[in-house]
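Residue numbers (the UniProt record's numbering): 1 to 120.
We put the CB at the ideal spot given by N, CA and C, even for glycine.
Here's the structure we're looking at; comments come further down.
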Amino acid sequence: MNRRNFLSRVALGAAFVLSGCGLGPDPTPDYRYRLTVEVETPEGLKSGSSVIEVQTNIAGEYSIPTPGRVSQRLRGEAVTVDLDDGQVLFALLRSDSEADWAKQVMFLLTPSVRSSDGKN
């Protein structure tokens, strides 16, 4: 078997294997939200904001090892609030106790909606 024939068979096999991995159009929407932090200071209310993007992906039905797995990717920057006297407050997107809260905040705030058959 010559090299070209071998490479074409490998490419064809890879195409069949990857076709079940959900490489087609992704039905889950990405979303962005503005995270605003307000701080009361003796001089008055100070605020800062940043835009956070969450990309959600669902693995294909035949993906290995976890078909249908939902994964999220967070992009954004910490919120900075300019205080007086050149001080800056940073509100981080993760903490020791809840590393993924910035990804989950929209899911936590979304109200539960019943389907037409009465189930959640």
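In the three-state DSSP reduction, R9 falls in the helix class (H, G or I).
Annotated three-state conformation of D85 is helix, per DSSP.
By the Cβ criterion, the region 33-44 is not in contact with the region 62-73, since fewer than three pairs of Cβ atoms, one from each stretch, lie closer than 8 Å.
If you draw a 10 Å sphere on the C-beta of V70, you find fewer than 16 other C-beta atoms in it, and that means exposed. For the beta strand (DSSP E) assignment, the uninterrupted runs of no fewer than 3 residues enclosed by the region 55-102 are, from N- to C-terminal side, 70-75, 79-82, 88-91. Excluding the 5 residues flanking it on each side, I52 has same chain C-beta neighbours closer than 8 Å at R32, Y33, R34, L35, L74, R75, G76, L93, A102, in chain order. Counting along the chain, no beta strand (DSSP E) covers E43, and no H or E run does either.
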